[in-house]
Each structure stands twice: as C-alpha cells, then as structure tokens.
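*Asks:* First residue of the sequence shown? That's 1 in UniProt numbering, and the numbers climb one at a time after it.
Beta carbons: idealized from backbone N, C-alpha and C, even for Gly.
None of the values given here were measured: they were computed from a predicted structure.
The structure follows.
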Amino acid sequence: MDGDVAGNEQRQAVRLEEIVVTATRRSENLQDVPIAISALSTFELERQGIENFEDFARQIPGVSFNRTTKNASTFTFRGISINTLPGGGLQNSTAVYLGDVPVSTTSAFTPDVRLFDIERVEILRGPQGTLFGSGSLAGTVRILPNEPQFNEFDAKLRVDGGLTKSDSIRQRYDGMVNIPLVDDSLAMRAVGYFRDEDGWIDNLGTGEDNANGSRDWGARGSLRWAPTDRFSAKLMVMHDVGEPGDLDFIDPQLGEDKVDTIIPGEIRTEITNYNVSFEYDFEWATLQSSTNYSDFEVKFDQDFNGILTGVFPGFIIATRTSAPALVQETKLISQSDSRLQWTVGAFYMDRELDVEALRSTDPNFLVGLHITGLDEGLFYYVPTELEERETAGFGELSWDISNDLTATVGVRYSHFRRKLTQLPGAFNQTGAVAGAVLAGGSTEIPEPTLSTGNVIGPDTFSEVTTKFALSWRPADSMTYYFTAAEGFRNALPNANAGLESQIDPNDIVIPDVADADKLWNYELGLKADWFDGMLRTNMAAYYIVWEDIQLLAVRPSDGTRFFANAGDAESMGLEVEVLARPSDNLELGLNLTLQEAEIDSITDQQAAFSGATEGSELTAPDFKMSGFVQYTWMLEDRGSLYLRADVQHVGSYPNTQPNTVGQPDTPSPVFQQLEAYENVNASLGWITDKWTLVLYGENLLDNDDLVFRQPDTAVIGNFGTLRPRTLGFRATWRL
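Structural data, given as structure tokens:
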C-alpha cells in the first residue's frame, strides 16, 4: 500500500500544468473548452523569456506572424490572408486584447505589447464573432495582465542585455510593483518598461549604420477596489510609445543587411488607453462591465523609390493617423449549477479614424532640376475622417444534454453606422510634378486647386453571426468537439473612389468600396491527457469557406493604396499539439500545422483589383512545425537548473498574388515564393525563489533567409530576414 501511495505521488508530481482560461468569458480548464485554443502561463512566459508576439507566434499551430517591420505586424490564423501588405486602414483579421482593452485597430499598425507581468496569453484559433465581434474574423489573441493583489507587497525587476553581430547592443529593462493600500479591499499595481536596441541594417542612402534600431518605452497601472465580497472595480491606464530608427527592410542586391533610401523609414506608434471595469456577483450570475477610451497615433514615412525608378528619386509617401475610440461592453454570465449555462451582453463602439496622406520629394532634388512652386517638396495632401459606430447584442447558451454531452449555440447581432469625409484642403499635383521631372525641369508648378471636401454616407448596415458547438467528454481527461462558427469584417469605402492615376491614366481606377467579407469555420477536435497527465495531445481539423475577401492593394503607377475584394477562398488544415513530461526532469513538446489555402472563385474585376487567379495560394505556409526539449536538474535548497532548446520550421509561402494589380495577365514583379526557413533558440537558466538567471541564444544558426517581402511595386529593397544571431543574458529579481 505504501508503494502505491508513493507511485501515485510520483505520477502526480510529473503531471502537466493545468491552465484555466476565460476564452468563453467564464473560467474553465483549457482542456474542457470546445475550441482550438493555446495558452501560455506566467511560468512559460518567464521561463522562455517571451518578450513580444513574434517570440511565441512560431510555436503556436495554425498561426503565422507577419512582422513586416517594427509596429507593423499582423497575425494570420489558418491561412486567412491574401497578402502581407501592412497599414492602410484594413481591419485586421485577428483581434488583439490586453485584458478587456482592444489594442488592434482598423489599421494593420499594431503596437508590440510587452509581455511582462502577464498572467497568461490565450490564442483562440478560428472566428470568435459571437463573443468578440467583427475584429475576430480568423481568431483572437488575449493578453491577461496580473491583477493587483490586496494583501501582499510585491516587486519584480528584469534586465536583459544582448549582442547582435559584433556591435549591435540590446538593452531591455522591466519593473513591477504591487502595493496593498487597504487590507482585503484596495491595491495598486504598476508596470514600466524601456527598450534601447541597436539595429543591424546599414542604410547607404542616409549614411546610418545599424539604422533600424528602436527606442521604446511604456507603462501601465491598475487600481483594484473590492469593498465587498460581491463587488469589485478596476481602473487601468496604459501608455506605450514605439520609436524605430528605420524600417527592417533590406535590399539583397546591395550586399548583406543593407538598404538605400533617401530618408529613414519610420513607423512611430503611440497608444494611450483608459479602462474602467467592474464586476458584481449576484450568486446566480455575474455582471461585468468594461468602459474603454483609447487614442492610437501613427506616424509613417517611407521612401517609395520604385515609382518612376531612376527618374524620380525620393518619392516619399507619409501618413499621419489618429484613431480615438470609445468602447463599452456589458455582460451577464450565469453561475448556477444548472445544466443550462448562458452569457448575454451588449456592445457599443464609437470610433474615428483620422488620416492625413502626404506625398513629397526631396527639395534638393527639385532645386537641382530648377523646379519651383512646391512648399517643402509637398505635392499631394488628402485628409480624411472615417466615423464608425457599432452597437451589438450577443449571447451564448450551453446545455448539458447529459453528463458528458454539451451543446452550445451563440449569436451576435451588430448594427453599424459609418461616414467617410474627405476634408477640405486636399490637393494632388502628382501629374504636374512627374511631367516636370520627365521634361527635364526648369518648371514652376502652378498653385494647386484645393478640394472643398466630399462626404460618402452616412450609411448603415447590419450583420448577424452565429456559432454552433457540440462537445463530448467520455472521460474526465478527454474532450471531443465539433464547432461551426462565423466571422466577418465591415465593408470599407475608398476615400479616393473614382480617382485615376496622374502618372498613368490607363492604370486601375479606384473602386467605391470593398464589400464586407465573412467566413464559416467548421472544426472537429480532440483534447486528451494520457498516462495520468504525463502526455497531452490536442488536435483540430478544420475547413473554412471565406467569401468576398477584403484586401489592401497598391496601384502600381503612383503607389495609391485602396481597398478591394478578391473573390472567395477555401482553407483546410490539421493542427496538432503534443506536450509530454515523462519525468520530473524532462519536458518535450511538438506542434504541427498542415494546411492548404487557396482562391477557389474570382471574377475578372476582382482579379484586376487583386492580381489573384483561381487556384492561387493564400499567404501562409502549408507546413509549419516547432518543438522543444528541456531538462531540469533540481538543486534542493539552491533552486533548479534547466537547459532548453527550441527549433522552429516555417514552410514556403507566397508573399502576395501572382499577377500585377490592374494588369491581371502580367506577372507581378514583387511576387515572391518565400523559401522555407528554420530558427533555433537555446537557453540555460538557474531559478531560485528570488532570482532567475538565463544565458540565451536566438537564431543560433544565424539564418539569413529572406522570410518576408513587402508586395509593393512602389518600393525597392523591401525584403526582411530574421534578426541575426543574438546572444544575451537575462536576470530577473523577485521580492
């Protein structure tokens, strides 16, 4: 009998970690939730030194991460992407939340949220249109910060230093403090971070070595109040600034890690956010409310040196974007032991997207050609204002048909009101300037004719999304499920609708609007723990029908970006997660993605707008695999020592569609079938109650494969690689 007890204790000791998630807006064991979801706990985030989205995206099945450059990153779930073009106001296909705060916007410029002092990250694959709305066409990423604790003073500091190549230094600093203010009822928690990281790309045009460095900083603070056992409230304030020195693009024709632009490319982001939430426990149900105000500002400048190449150097395109938004969501979540569980809620959003689009050239270039009449080289200015208002009601109902069989139905009704205004004062002298340059100069550009403005809308429309799920638990350690769910994105009007190119009148004419797109995701999954929790296997097979695909396109002649549709597509695949802990010391993991995603129906007009053809692939790899092995030595009262290796393989995939926009029978000059690549990381760490000390290596094989190419005919030198081999040391101190 004593032997049996010892054996049970040993098996319990090596069981895999149980993770509780709130993906369905109620607390549940991850293994019981009938959707494909991956989660990273605090322990995993800190042990792996996960700093941002890129650090974990390659290890999650079904997920691709297009990090075009700093602050211009997007997630692609299950192949739902038609090109890798950043920016421009296209709504992301994946929603990103920090707690209840949406940090993804109608622009593809998403700030790199720093994953320090985070309770967990939840990655929900497949549309989440019922509970999370229009921004979650293909999935949702939820980042849950640690809450203020009432009865314990706590603090943590982390310092991370690294070296890339021989002269590029990484500096990262993080700090957290938790201060109880009133026992059992009031506490505050503050987090701050600072990054000063040198780049590795030399810009020959600006003369700057290691030009693509960045300096980022930010803070978030929370005040939590619980005057009774039933009521609690929280105020959270966040401010984040990202300031890259240059873009992460290279031109392989110039040599290793080099680019040549007349100005440093820049995507500067600044987000300020205020969130007030409260929760009240009625015993039979919990009422939750979240009110959020945010302002997201982006400054974007890039040398579009591919326009009239060799004739018109320094064609600079810039945007100034501001996106203030007010979001209110209220939910009532049942808490009884009944076979019937439900969630109902209401949602309101009032958002504005203010964009100033500018085009200019180097004034010195104009002086050399004796071209006058332009103020600071500016020849194009179009300010627009997009006003959006959304109201929605949603609900999910789950019924335990039997002790091991549960059915779930969800629905969301959304009503939208939108108005797009081209503000007075716009002008466009692109044709006059291009003509003066081609004529050899010695020209005075006449005064522009200023626009009096134009209003599109207001217009209104509604959308209904639904979800159906059935889960069967034949044993406590096993869940089978089937899910059918919808996702959608709003229709998008074009501010330059009907505008012809002043450089090439035969180029494409901007369409009025990109219609709303939507998809259905059909999924069959199995989640199981084996051998008393020593082995975990989660698998999901899916089939997706994506209709009226929205995309951001670029007109080749003048670089004008516009929204359009690109037909219908199908995506099907298999996702596998395997995690094993055969002993206290050894941990193993393997994640696998097999998928096929392609255009299956497209009209001639949609082919002209997108460059797509029937049968052309979507922009995500068909095969992806990642794995890790970790061995831990227990040092008794001196903590533990671990050695870990991570290997990631990303298969080949195209960066865009094969033909030129506006010329559907002409191969695109920026189409690239990106080669498969590998990334290898390793770390050696020592963990005690107070300290975690880690030596780490990223991209140990110094892989310099081209992993990205911006599909933009207006840009030369638009390739990206992994950050070169980086060796570093990370130290974390806990109170």
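Starting from residue 364 and walking both ways along the alpha helix (DSSP H), at which residues does that stretch end?
*Replies:* Here the alpha helix (DSSP H) through residue 364 covers 363-368.
*Asks:* Can you list, in chain order, the residues of its chain with a C-beta nearer than 6 angstroms to that of residue 391? Leave out the 5 residues immediately preceding and following it.
*Replies:* Here the set comprises 348 and 415.
*Asks:* What are the start and end residues of the alpha helix (DSSP H) that includes residue 56?
*Replies:* 53-57 is the extent of the alpha helix (DSSP H) around residue 56.
*Asks:* In this structure, does DSSP put residue 559 in helix, strand or coil?
*Replies:* Reduced to three states, the DSSP call for residue 559 is coil.
*Asks:* Out of 520, 590, 548 and 584, which has the shortest C-alpha to C-alpha gap to residue 537?
*Replies:* Nearest option by C-alpha distance: 590.
*Asks:* Should the region 119-134 be regarded as contacting the region 38-47, the criterion being three or more beta carbon pairs within less than 8 angstroms?
*Replies:* Cβ pair count under 8 angstroms is three or more, so yes.
*Asks:* Tell me where the alpha helix (DSSP H) around residue 382 begins and ends.
*Replies:* From DSSP, residue 382 is part of no alpha helix (DSSP H) but of the beta strand (DSSP E) over 378-402.
*Asks:* Would the beta-carbon of residue 232 fall within 7 angstroms of that of residue 148?
*Replies:* Not closer than 7 angstroms, so no.
*Asks:* Below 8 angstroms on the Cβ atoms is my guess for residue 547 versus residue 568; work out the distance and round it to an integer in Å.
*Replies:* Their Cβ separation, rounded to whole angstroms, is 5 angstroms, which keeps residue 547 and residue 568 in contact under 8 angstroms.
*Asks:* Return the chain-ordered ranges of every beta strand (DSSP E) run that is complete within the region 655-734 and spans a minimum of 3 residues.
*Replies:* Fully enclosed beta strand (DSSP E) runs of 3 or longer: 663-667, 677-687, 691-698, 706-709, 719-721 and 726-734.
*Asks:* Go through its chain and collect everything with a Cβ distance to residue 427's Cβ below 6 angstroms, but skip five positions before and after it.
*Replies:* Excluding sequence neighbours, residue 427 sits near 381, 448 and 450.
*Asks:* Cβ atoms of residue 514 and residue 461: under 7 angstroms apart, would you say?
*Replies:* Their beta carbons are not under 7 angstroms apart, which means residue 461 does not touch residue 514 by this criterion.
*Asks:* Below 7 angstroms CB to CB, which residues in the same chain sit around residue 734 once its five sequence neighbours on both sides are set aside?
*Replies:* So the list reads 156 and 690, once near-sequence residues are dropped.
*Asks:* Between which two residues does the alpha helix (DSSP H) harbouring residue 502 extend?
*Replies:* Where residue 502 is concerned, there is no enclosing alpha helix (DSSP H), given that its DSSP letter is neither H nor E.
*Asks:* Going along the chain, which residues of its own chain have a beta-carbon closer than 7 angstroms to the beta-carbon of residue 677, five neighbours each way excluded?
*Replies:* Closer than 7 angstroms at Cβ, skipping near neighbours: 650, 703, 705 and 707.
*Asks:* Would you list the one or two residues that DSSP bridges to residue 594?
*Replies:* Residue 594 pairs with 574 and 623.
*Asks:* Measure the CB-CB distance between residue 158 and residue 732 and report whether it falls below 7 angstroms.
*Replies:* Contact: yes.
*Asks:* Where does residue 44 sit, in a helix, a strand or coil, going by DSSP?
*Replies:* Residue state, collapsed to three classes: helix.
*Asks:* Let's see if you can read the secondary structure: which residues bound the alpha helix (DSSP H) around residue 608?
*Replies:* Looking at the DSSP string, the run of the alpha helix (DSSP H) that includes residue 608 is 604-610.
*Asks:* Is DSSP giving residue 523 helix, strand or coil here?
*Replies:* Looking at residue 523 - three-state DSSP - the assignment turns out to be strand.
*Asks:* Using C-beta distances below 6 angstroms, list every residue in its chain close to residue 356, excluding the 5 sequence neighbours before and after it, in chain order.
*Replies:* Only 320 and 383 meet the Cβ criterion.
*Asks:* With distances taken between CB atoms, is the gap from residue 560 to residue 83 smaller than 7 angstroms?
*Replies:* Contact flag unset, no.
*Asks:* Given a threshold of 16 other Cβ atoms within 10 Å of its Cβ, counted over all protein chains shown, does residue 575 qualify as buried or as exposed?
*Replies:* Flag for residue 575 reads buried.
*Asks:* Measure the C-alpha to C-alpha separation of residue 551 and residue 492 and round it to an integer number of angstroms.
*Replies:* In a straight line, the C-alpha of residue 551 is about 10 angstroms away from that of residue 492.
*Asks:* Could you pull the DSSP bridge partners for residue 254 from this structure?
*Replies:* Partner(s): none; residue 254 has no beta bridge.
*Asks:* Please classify residue 634: is it buried, with 16 or more other beta-carbons within 10 angstroms of its beta-carbon, or exposed?
*Replies:* Result: exposed.
*Asks:* Report yes if the C-beta distance between residue 412 and residue 465 is below 7 angstroms; otherwise report no.
*Replies:* A contact, by the Cβ cut-off of 7 angstroms.
*Asks:* Work out the CA separation of residue 126 and residue 524 for me, nearest whole Å.
*Replies:* Rounded to the nearest angstrom, the two C-alpha atoms are 12 angstroms apart.
*Asks:* So if DSSP puts residue 302 in a beta bridge, which residue, or which two residues, is it bridged to?
*Replies:* According to DSSP, residue 302 bridges with 317.
*Asks:* Would you kindly report the start and end of the unbroken beta strand (DSSP E) that includes residue 465?
*Replies:* Counting along the chain, the beta strand (DSSP E) containing residue 465 begins and ends at 454-475.
*Asks:* Please name the residue in 728, 408 and 180 whose C-alpha comes closest to that of residue 151.
*Replies:* Comparing Cα-Cα distances from residue 151 to each of 728, 408 and 180, the minimum goes to 180.
*Asks:* Taking the beta strand (DSSP E) that residue 618 belongs to, which residues open and close that run?
*Replies:* Per DSSP, residue 618 belongs to no beta strand (DSSP E) and is neither H nor E.
*Asks:* Identify the continuous beta strand (DSSP E) that holds residue 553 and give its terminal residues.
*Replies:* Counting along the chain, the beta strand (DSSP E) containing residue 553 begins and ends at 550-554.
*Asks:* Quick one: is residue 688 buried, meaning 16 or more other Cβ sit within 10 Å of its Cβ, or exposed?
*Replies:* Residue 688 is exposed by the Cβ-count criterion.
*Asks:* Can you give me the Cβ contacts of residue 498 inside the same chain, cut-off strictly under 8 angstroms, excluding the 5 residues immediately before and after it?
*Replies:* For residue 498, where only same-chain residues beyond five positions count, the Cβ hits under 8 angstroms are 509, 510 and 512.
*Asks:* For residue 140, does the count of other Cβ atoms within 10 angstroms reach 16, so buried, or fall short, so exposed?
*Replies:* Answer is buried; the Cβ neighbour count reaches 16.
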